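Reviewing the structure listed below.
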Amino acid sequence: MKKDFFSKYTVISIISVTLFFVIWYVLTAKMMIVPAYVMPDPLKVFGALLRKFTVKTPDGATLGSHIAASLQVALMGFGFGTGLGVPLGILMAWYKTVDRVARPIFDFLRPIPPIAWIPVMILWLGIGTEARAAVIFMSAFIPNVINSYTGIQQTSQVHIWVGRTFGASDFELLTRVAIPSALPNIFTGMRLSLGTSWVSLVSAEMLASTRGLGYMIQIGRQFSRTDLVLAGMIAIGILGGLLAVILEKVENRIVKGRQGYGK
Amino acid sequence: MGNKTVNLIGKNSMRIVLTLLPIIGFLILWQLAAMFTSIGNLMPGPIQVIESLFISFAKPLGPHTIQMHALYSLKRVMVGYGSAVVTGIIFGVSLGLSKMFRALFRPLFELIRPIPTVAWIPISILWFGVDEMSKYFIVFYGAFANVALSVYMGIQRVDPVLVGAAKMLGCSERQLTFKVVLPSCIPYIFSGMQVALSAGIMSVVVAEMINSYEGIGWNIHAGQQTANMTQVLTGMVALAIFGLLMAAILRQVERRMCAWNTRNT
Amino acid sequence: MEYQKYIEGRKAVITCKNVCKEFDIRDRKQAGSFRVIDDLSLSIYENEFVVLFGPGECGKTSAINILSGLDRPTAGSVFQGDTQITRPGIERGVVYQSIALFPWLTVMGNVEFGPKARGIDRTQSRKRAQELINLVGLQGFENAFPISLSGGMRQRVGIARAYANDPEVLFMDEPFGALDAQTRYMMEEEILRIYEHEKRTVVFVTNNIEEAVFLADRIILLKSCPTSVKQEYIIDLERPRSYTAPRFLEIRQKITRDMDKAL
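Residue numbers (our numbering), protein chains in the order written: chain A, 1 to 263; chain B, 1001 to 1265; chain C, 2001 to 2263.
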């Protein structure tokens, strides 16, 4: 095990990443090959990232409050999208009537990329938090419905028969057999939703907002503050990654006895 | 035999009617709601949207007709997506086959990947200006990782028994790569390309919404700016058709190239 | 005595001397090794049909992998004639339980794969491939993809593919294990017909006693894991054999009695 950790390739990886930053630094700070408004050096970018926690210029808020604004909307939209999407998907797959009513609307909405909803929501709800939350809701809602739906539909017939022979009612079959066996799919849906939510949020903030990380990088561009743009991108990347990791931890807690690769 | 075929056709058309019926019902409901309730203030009915879509084939929306907008978007998607597919396959294969390559580039790739495509739009404008290049870059970025990762996964999941069989049959290492590993990745390549296509289309739409004077994304955005809901919805319908059409074409290509992977039914 | 008479005048094709095989176990809690083969020695003679017979999961596949050269033993050595087997080679062919056809190649493509990889003249390899396809009874299916064939037909392709390189020895690792009982009986007769037609040394692995007695000139009974040779039997029944002949049942009973009971 220890031998693996310090293998040749680990060393190469470390060198590769270090080299990336060194080359970036040398090209920008030392050789001045590209002007700072196109590409500032890495130290400036990380400096900007740290300083932004206290500085309010040029976009009127600190990084902390941008993050808070983004997270609030993202979690709200994702929460509603999941809270409504997962049950709807399950019901659509389990009850024919729900399927008949909801399916066509759904087939209609599905091919539209979630971000295309941004203008619609702005026209309906203005450029406030509600519009953004509605966009995130749409982004999270659709993958959740689709994956829960397929998850329930893929419930093994044998498992259902087993449940039947033990005298389970239809509702018990749903809660005791179908939903547990669909959990991996449901979580796949949630993971996808979380990804698209985060993307839609950044887009929405870039298009219509006065707060949030998307807004911050958009303003950074308008002021040619490339260091801020990059700092914002890093923050967006880290937060998005963090949210995904948290969801994965939750998933590993809840979904047990899974077959397949890894873990 | 003849009887069976007739039966099948009958069944198929029944199925089509069954799927179409609720959609038509939905459209009628929407139309009625738009005509007689306050929803009409929020958005036009489907007839109006479809009408406006047809009109826009002849009468320009902004600078271009809708098919010209679609062509602009198509060009951006083709350039960005095309180059992402080519480089993504090469990158994914190299990741899968060479430990050295993986050690060198995997960490950098993982470092950059969490940053969503849209977050690159401002910097791409700073780097490449407001013209086409920045849009190609955005579409490329949106599609690249999907293709690369899918191919990489495909290589990791090549059936070891198949590799053993090829070795027993006298395959050299080089032949193994080209005659076994790559062919068995083809389904993964296609599934990566499908995901990348929707990511690419999504990217082009945001890029056009934020920074463009033409394209389907611009259409939707311009509709919002002039508070013209009909134009927004027209753009969305056009976008949906555009996306479905591209995906269908890709599926056809896949069916041709992977006849071995799907039972002909 | 019987054994001495049997091997008299026969040339040993494969000689396996004191082979051991261990696998490293990598677990979060412990590291160690797991021994699957413990001092396996055996000889296989020219043009005989040998069946390696043993209880389930006793290490038969590991043994075949080592004999064919796909895997290296931890200790001991395997020879084909005078040359040590250290890697896969075209002098040995393998037929797999999972069949392992290349799904993207047609029947013809699969059968031609070996000769083509070796760079054999196209027309010549095509002619030989066609011959083998006819031999296994698949004429008319040359351009079909494996997915459209039944299990039995696929394994016929697998057999033809293994023959295409004209190997000295053919290893068959539970080749009919994935087939249904009816197809299995048919394939057992087929393999004998093919064996009579294209005389090769065949090493056939199975965990089915009926199959073993039906096919073998000689049965090598293996111990349960870690495996080695437990007992050998010369089966001098006339072919075609009958599953229900008294002698057949007698041999079958005897071997079953000698066999280790698997868990």
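Don't be surprised by glycine CBs; every beta carbon is placed ideally from N, CA and C. Note that the structure is predicted; figures quoted are calculated from it, not measured.
- DSSP places ARG253 of chain A outside any beta strand (DSSP E); the residue lies instead in the alpha helix (DSSP H), whose first and last residues are 226-254.
- Listed along chain C is no residue with a C-beta nearer than 8 Å to that of CYS1185 of chain B; the closest approach is about 10 Å.
- Judged by DSSP in its simplified three-state form, TYR2045 of chain C adopts strand.
- Three or more Cβ pairs closer than 8 Å define a contact, and the region 2070-2081 of chain C falls short of that threshold against the region 2213-2227 of chain C.
- Excluding its 5 nearest sequence neighbours in each direction, PHE2079 of chain C has C-beta neighbours in its own chain below 6 Å: THR2015, listed in chain order.
- The continuous beta strand (DSSP E) containing ALA2012 of chain C extends over residues 2012-2026.
- For GLY240 of chain A, the chain B residues whose C-beta falls within less than 8 Å of its own C-beta are PRO1114, ILE1115, PRO1116, listed in chain order.
- Interface flag for SER1198 of chain B against chain A is set, since a Cβ pair is found closer than 9 Å.
- Between the region 1162-1182 of chain B and the region 1197-1217 of chain B there are fewer than three inter-stretch CB-CB distances shorter than 8 Å, so the stretches are not counted as touching.
- Within the region 69-97 of chain A, no run of beta strand (DSSP E) reaches 3 residues while sitting entirely inside it.
- In this chain, the beta strand (DSSP E) harbouring VAL2229 of chain C covers 2229-2234.
- The beta carbon of SER1083 of chain B sits closer than 7 Å to those of PHE1140, all from its chain and outside the five residues before and after it, given in chain order.
- The alpha helix (DSSP H) runs lying completely inside the region 1128-1176 of chain B and spanning 4 residues or more are 1132-1156, 1160-1168, given in chain order.
- Going by C-alpha positions, ASP107 of chain A is about 8 Å away from ILE1023 of chain B.
- With contacts defined as CB atoms closer than 9 Å, LEU228 of chain A and LYS52 of chain A qualify as a contacting pair.
- Taking a Cβ-Cβ threshold of 7 Å, the residues of chain A close to PRO1122 of chain B are ILE217, GLN218, GLY220, ARG221, VAL229, in chain order.
- In the DSSP annotation of this structure, VAL2078 of chain C is not part of any alpha helix (DSSP H); the continuous beta strand (DSSP E) holding it starts and ends at 2075-2080.
- Within chain C, the residues ALA2100, PHE2102 have their CB atoms less than 7 Å from the CB of LEU1162 of chain B, given in chain order.
- About 6 Å separates the beta carbons of TRP1127 of chain B and VAL38 of chain A, which is inside the 8 Å limit, making them a contact pair.
- The three-state secondary structure of GLY2093 of chain C, taken from DSSP, is strand.
- At a cut-off of 9 Å between C-beta atoms, TRP1127 of chain B does not count as an interface residue with respect to chain C.
- As computed with DSSP, ARG2035 of chain C is found in a beta bridge with C:GLU2022.
- Listed along chain B, no residue sits closer than 8 Å to TYR2163 of chain C by beta-carbon distance, the nearest being about 11 Å off.
- THR2244 of chain C sits in coil when the DSSP states are folded into three classes, being neither helix nor strand.
- Close partners of TYR95 of chain A in chain B (Cβ separation under 9 Å) are lacking, with about 15 Å as the shortest Cβ gap.
- Among the residues facing chain B, ARG100 of chain A is included, as its CB has a counterpart in that chain under 9 Å away.
- If you draw a straight line from the Cα of LYS2011 of chain C to the Cα of LYS2017 of chain C, it is about 16 Å long.
- Rounded to whole angstroms, the separation of the alpha carbons of ALA204 of chain A and ILE118 of chain A is 6 Å.
- According to the DSSP secondary-structure assignment, GLN2084 of chain C is paired through a beta bridge with C:PHE2079.
- DSSP places MET2259 of chain C outside both helix and strand once states are collapsed to three, so it counts as coil.
- For the region 2112-2131 of chain C, the residues whose beta carbon sits under 7 Å from a beta carbon of chain B are, in order, PHE2113, GLY2114, ALA2117, ARG2118.
- Residue B:PRO1183 holds the alpha-carbon nearest to the alpha-carbon of VAL1163 of chain B among B:ARG1113, B:SER1212, B:TYR1081, B:PRO1183.
- An exposed status is given to ASP1131 of chain B, since fewer than 16 other beta-carbon atoms sit within 10 Å of its beta-carbon.
- Closest option to GLY2089 of chain C, judged by alpha-carbon separation, among C:GLY2137, C:LEU2101, C:ALA2117: C:ALA2117.
- Note that the C-beta distance between VAL2157 of chain C and PRO2146 of chain C is below 9 Å.
- Per the DSSP secondary-structure output, THR1230 of chain B pairs with nothing in a beta bridge.
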